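Enquirer: Protein chains in written order, with my numbering: chain A, 90 to 341; chain B, 903 to 1191; chain C, -8 to 349. From the three backbone atoms N, C-alpha and C, an ideal C-beta is built for every residue, glycine too. If you're wondering where the values come from, they're calculated on a predicted model, not measured in any experiment.
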């Protein structure tokens, strides 16, 4: 069954068609990559799914439910997590607190309970912490647990952002250029970690990525965009050799 | 007739708000810093004009020029001493810093000139034009003409001179501006100089209609409201916002219970922020991710 | 340098991290509780004022230091707390009902005023709060039937269960009790999900929203909580000054509150306490200073605000992290001695990029 179905999405900024009549479906459990030259509308597509932008026309269905008018903060509750192209972490907080914020959607306590820090809140905090530690173990972030984000190198920040998204225990994970700014070794590690997330945690992944190696190593299917239009969808090899895709990357 | 009379005094008061607002906007446009001490710079300008014209008895034109020059210097020095160390710090810190600066300027003015209100001698004091029963004082006329001239001058500056364009570039991206050879720091100093001279002009214009004392800078807060109503970062918006607030204040003073005139500027501000937070001329955009 | 061996996750949540902390805080507690034995009524009064400032400061710190929303109008909430408490008392309400009601009213106003402020950020919000404070000040002046206008308003003496709270010693202990409770509540908030949501908003709104944090709700909640603390402080302040007049709650008061959190150190509750001590004792310091200054300077009417301004400017330029930040640096200097390097605490500067269109 398809987890996410986007039909005829369009969005224009002024006269520029950032996304134009794009339709695709992502199946439960797969790794789905979106490729395309700069300005193709990949990140815009992410911003549409995570409801930072409103669609001009078309609809987005998640798990059979229309989400194209859902308020932004409810997207997380539905089970969609994302990372950002240039990382949007909580800079002045420690890694641990960043990850705990990722657990926000699972909070069950009311404000009054929290102000008094009743045992229920304490238990919840300990539960949160256990879940966070699981994610820390999965992504090897043990060393950075108590460090403030502002002092961390870029590669680690990227991983922290993935970890924070995982703490939401999402069903769908949107990764916006996870490998940008990483060195080749880090990118190799990333490929394995993405597969782990997909297989061990059973999370469906949509990924915007420029690194074709990473894309073909991990993805089940690939979608190519250019100038806001869909060029091709299919398995990585077929899409990469598709004449329209080659034309979009290399010019006429 | 009465309405017309109110309108005229509103416009003249609004011009003063607009002029101070111009100073705010100018600094904001070029440095993205918010200068809360703008009203106090105006107060300093008025006091210097008083010193040159009344105490030292310079001819009026010379006194005006001397005031502008003095304030430009003070603006540059302020930037060099206080604002330059703050480049790259959060906006909030800069805002707090200029609030502190305002208090310091007030204390300095109190120490130098005392707290008794003073009035500025001008060659055009007291004259009126009678337009079929509507009285227009020379002081108010000078305010309007002065504001119009200054606006035209600033418009041309930003539109046509290299320096003006460089200033805009510097505000949009410090690093990029620096790489294309714009001396960002020097530009900031110049902006503060210009902005302080504008507030000097505002001080000279407003001095004949209100009295000069260390507390007169508080109208800077109303001018700030004007700048936001107009759309922070827009020069015509600043003047328009100023005029709007000036006029509404006059009418509120006559038709509404006491007290409303004083707060009408802030009520307009809150309403504006509610219905159109970006102001009349929008200049803000959402952060991109 | 101290290393704490952690064997349970609860150690990261509890109030005191290790035995050393317990010892020092216990010592502080004993000194403060014992202070009335040695101090005169005057100094007890001054200390009570410091406690009251600290309670208001907790409110402002939660808003500005932790949620990243700047308020230039917190004196308004102080005023609402003070006036409504005084008015409730004059209507014959018991003290222990009146004070919480004043606090709730203040919180309610805070939550409501936040609604128009929600769509604004940074400077816009600061100015909106400023406008709000000026409007409140005008209301205090003109709503004479309740506030007494410029004539002011007497505050009835606080009596709790037969206890005469107006005696300096009792008042001192009462303020101390309220302060400790306030601190506890603030700490609880900060170590639970709502507090984390607030800090998330401070650091990145867009990211907070995609983590499922409701921006509008959390921001107005932060406003309400902040206004509640400040209103509570206002209620106590009403008894401290005994006679309410609009000129006790001006722009200068708001700036003083902000000065307190900035000088103390943004983003830390320790900072609130340092800042409150600083603000509470500064007027005394200036008064002493006046005796030593030459007559002409000492008689400047704007001297006190001027010195406030000067201190604010110096702190912002030389120690943006405030007293708390300086303390952390000094402590790590001794912990790392002789390996401490200045660069450890070097500030990171960022180049400015506009978020404007034109």
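Sorted by chain position, which residues of the same chain lie with C-beta nearer than 8 Å to residue 141 of chain C's C-beta, five sequence neighbours on each side aside?
Expert: Here residue 141 of chain C is taken as the residue at index 150 of the third chain, counted from 1. If we look at residue 141 of chain C and ignore the five residues flanking it on each side, its Cβ neighbours are 132, 236, 237.
Enquirer: Measure the alpha-carbon distance for residue 210 of chain C versus residue 6 of chain C and round it to whole angstroms.
Expert: Numbered from 1 along the third chain, position 219 holds the residue referred to as residue 210 of chain C. Numbered from 1 along the third chain, position 15 holds the residue referred to as residue 6 of chain C. For residue 210 of chain C and residue 6 of chain C, the distance between alpha carbons rounds to 26 Å.
Enquirer: Hey, is residue 1144 of chain B's beta-carbon within less than 8 Å of any beta-carbon in chain C?
Expert: Along the second chain, read from residue 1 onward, the residue named residue 1144 of chain B stands at position 242. It does not; no Cβ of chain C falls within 8 Å.
Enquirer: In chain C, which residues lie less than 8 Å from residue 194 of chain A when you measure between Cβ atoms?
Expert: Stepping through the first chain from its first residue, residue 194 of chain A is reached at position 105. Within 8 Å Cβ-Cβ: 202, 203.
Enquirer: Taking 8 Å as the cut-off, does the region 60 to 71 of chain C touch the region 258 to 270 of chain C (at least 3 CB pairs, one atom from each stretch)?
Expert: As far as the Cβ criterion goes, the region 258 to 270 of chain C does not touch the region 60 to 71 of chain C, which means the pair count is below three.
Enquirer: Assign residue -3 of chain C to buried or exposed, taking buried as 16 or more other Cβ atoms, counted over all protein chains shown, within 10 Å of its Cβ.
Expert: Reading the third chain from its first residue, position 6 is the one you call residue -3 of chain C. Burial call: exposed.
Enquirer: If we count Cβ pairs, one from each stretch, closer than 8 Å, do we get three or more for the region 212 to 226 of chain C versus the region 93 to 104 of chain C?
Expert: Cβ pair count under 8 Å is three or more, so yes.
Enquirer: For residue 287 of chain A, I'd like the list of residues in its chain whose CB is within less than 7 Å of its CB, leaving aside the five on either flank, ordered along the chain.
Expert: For this step, residue 287 of chain A is matched to residue 198 along the first chain. Cβ neighbours of residue 287 of chain A beyond the five flanking positions: 120, 294.
Enquirer: Specify whether the region 233 to 252 of chain C and the region 67 to 75 of chain C touch according to this definition: at least 3 beta carbon pairs, one from each stretch, less than 8 Å apart.
Expert: Output reads yes: the region 67 to 75 of chain C touches the region 233 to 252 of chain C.
Enquirer: Helix, strand or coil, according to DSSP, for residue 938 of chain B in the structure here?
Expert: Counting from one through the second chain, the residue named residue 938 of chain B turns up at place 36. Residue 938 of chain B falls in the coil class under three-state DSSP.
Enquirer: In this structure, does DSSP put residue 60 of chain C in helix, strand or coil?
Expert: Looking up residue 60 of chain C in the third chain gives position 69. Note: residue 60 of chain C maps to coil in three-state DSSP.
Enquirer: Note down the Cα distance separating residue 175 of chain A from residue 199 of chain C, rounded to an integer number of angstroms.
Expert: Here residue 175 of chain A is taken as the residue at index 86 of the first chain, counted from 1. Here residue 199 of chain C is taken as the residue at index 208 of the third chain, counted from 1. Cα to Cα, residue 175 of chain A sits roughly 15 Å from residue 199 of chain C.
Enquirer: When the Cα atoms are used, what is the spatial distance from residue 969 of chain B to residue 948 of chain B?
Expert: Along the second chain, read from residue 1 onward, the residue named residue 969 of chain B stands at position 67. Along the second chain, read from residue 1 onward, the residue named residue 948 of chain B stands at position 46. Between residue 969 of chain B and residue 948 of chain B, the C-alpha separation is close to 8 Å.
Enquirer: Got a sec, what are the start and stop residues for the beta strand (DSSP E) residue 1036 of chain B sits in?
Expert: Translated into positions along the second chain, residue 1036 of chain B becomes position 134. Note, residue 1036 of chain B: beta strand (DSSP E), 1036 to 1039.
Enquirer: Compare the C-beta of residue 198 of chain C with all C-beta atoms of chain A and state if any pair is closer than 8 Å.
Expert: As a working note, residue 198 of chain C is residue 207 in the third chain. Answer yes: the Cβ-Cβ gap between residue 198 of chain C and chain A drops below 8 Å somewhere.
Enquirer: Please list the partners that residue 107 of chain C has in chain B, where partner means a Cβ-to-Cβ separation under 7 Å.
Expert: Counting from one through the third chain, the residue named residue 107 of chain C turns up at place 116. What residue 107 of chain C touches in chain B: 1172, 1175, 1176.
Enquirer: For residue 1 of chain C and chain A, any beta-carbon pair shorter than 8 Å?
Expert: In the third chain, the residue the question calls residue 1 of chain C occupies position 10. Cβ-Cβ to chain A under 8 Å: yes for residue 1 of chain C.
Enquirer: Output needed in chain order: residues of the region 100 to 133 of chain A with a Cβ under 9 Å from some Cβ in chain C.
Expert: So the list is empty, because no residue satisfies the distance condition.
Enquirer: Could you check which residue in A:257, A:307, A:225 has the C-alpha nearest to that of residue 325 of chain A?
Expert: If you number the first chain from 1, residue 325 of chain A lands on position 236. Ranking A:257, A:307, A:225 by Cα distance to residue 325 of chain A puts A:307 first.
Enquirer: From the DSSP output, read off the bridge partner residues of residue 313 of chain A.
Expert: Translated into the one-based positions of the first chain, residue 313 of chain A becomes position 224. DSSP lists A:124, A:321 as partners of residue 313 of chain A.
Enquirer: Just grab the DSSP bridge partners of residue 265 of chain A for me.
Expert: Within the first chain, residue 265 of chain A is the residue found at index 176, counting from 1. Looking at the DSSP assignment, residue 265 of chain A forms a beta bridge with A:297.
Enquirer: Interface residues of chain C around residue 995 of chain B at Cβ under 7 Å?
Expert: Indexing the second chain from 1 puts residue 995 of chain B at position 93. Here the neighbours are 307, 311.
Enquirer: What does DSSP give as the partner residues of residue 154 of chain A in its beta bridges?
Expert: Locating residue 154 of chain A in the first chain gives position 65, where the first residue counts as 1. According to DSSP, which records beta bridges pairwise, residue 154 of chain A is partnered with A:151.
Enquirer: Using a Cβ-Cβ cut-off of less than 7 Å, give me the residues of the region 283 to 315 of chain A that come near chain C, in sequence order.
Expert: Going along the region 283 to 315 of chain A in chain order, one finds no residue with a Cβ nearer than 7 Å to chain C.
Enquirer: Determine whether the Cβ of residue 315 of chain C lies closer than 8 Å to any Cβ atom of chain B.
Expert: The sequence position of residue 315 of chain C within the third chain is 324, counting from 1. So, not an interface residue.
Enquirer: Is the number of C-beta pairs between the region 965 to 980 of chain B and the region 1091 to 1104 of chain B that are closer than 8 Å three or more?
Expert: Yes, they touch.
Enquirer: By the criterion of Cβ-Cβ separation under 7 Å, what are the contact partners of residue 1168 of chain B in chain C?
Expert: For the purposes of this step, residue 1168 of chain B is taken as residue 266 along the second chain, with counting starting at 1. By Cβ distance, chain C contributes 122, 125, 126.
Enquirer: Got a sec: which bits of the region 41 to 68 of chain C sit with their beta carbon under 9 Å from any beta carbon on chain B, in order along the chain?
Expert: Of all residues in the region 41 to 68 of chain C, 55, 59, 61, 63 have a Cβ within less than 9 Å of some Cβ in chain B.
Enquirer: Assign residue 115 of chain C to buried or exposed, taking buried as 16 or more other Cβ atoms, counted over all protein chains shown, within 10 Å of its Cβ.
Expert: Mapped onto the third chain, residue 115 of chain C falls at position 124. Residue 115 of chain C should be labelled buried.
Enquirer: When the Cα atoms are used, what is the spatial distance from residue 1148 of chain B to residue 34 of chain C?
Expert: The sequence position of residue 1148 of chain B within the second chain is 246, counting from 1. The sequence position of residue 34 of chain C within the third chain is 43, counting from 1. So the alpha carbons of these two residues sit roughly 48 Å apart.
Enquirer: Since residue 80 of chain A sits in a beta bridge, which residues does DSSP pair it with?
Expert: Because chain A here runs from 90 to 341, residue 80 of chain A falls outside it and cannot be looked at.
Enquirer: Can you tell me whether DSSP reads residue 146 of chain C as helix, strand or coil?
Expert: As a position in the third chain, residue 146 of chain C is number 155, starting the count at 1. Residue state, collapsed to three classes: coil.
Enquirer: Assuming residue 201 of chain C and residue 171 of chain A form a contact by the criterion Cβ under 8 Å, report the distance between their Cβ atoms to the nearest whole angstrom.
Expert: On the third chain, residue 201 of chain C is found 210 positions in, with the first residue counted as 1. On the first chain, residue 171 of chain A is found 82 positions in, with the first residue counted as 1. Indeed, because the Cβ distance is near 6 Å, the residues count as touching under 8 Å.
Enquirer: Once the 5 residues before and after residue 280 of chain A are set aside, which same chain residues still bring their CB inside 6 Å of it?
Expert: If you number the first chain from 1, residue 280 of chain A lands on position 191. So the list reads 303, 306, 307, once near-sequence residues are dropped.
Enquirer: Helix, strand or coil: which one does DSSP assign to residue 345 of chain C?
Expert: Indexing the third chain from 1 puts residue 345 of chain C at position 354. With a pLDDT of 45 at residue 345 of chain C, under the threshold of 50, the predicted position of this residue should be treated as unreliable, though the coordinate-derived value follows. Residue state, collapsed to three classes: coil.
Enquirer: Would you say residue 1005 of chain B faces chain C, with C-beta separation under 8 Å as the test?
Expert: Indexing the second chain from 1 puts residue 1005 of chain B at position 103. Chain C contact via Cβ: present.
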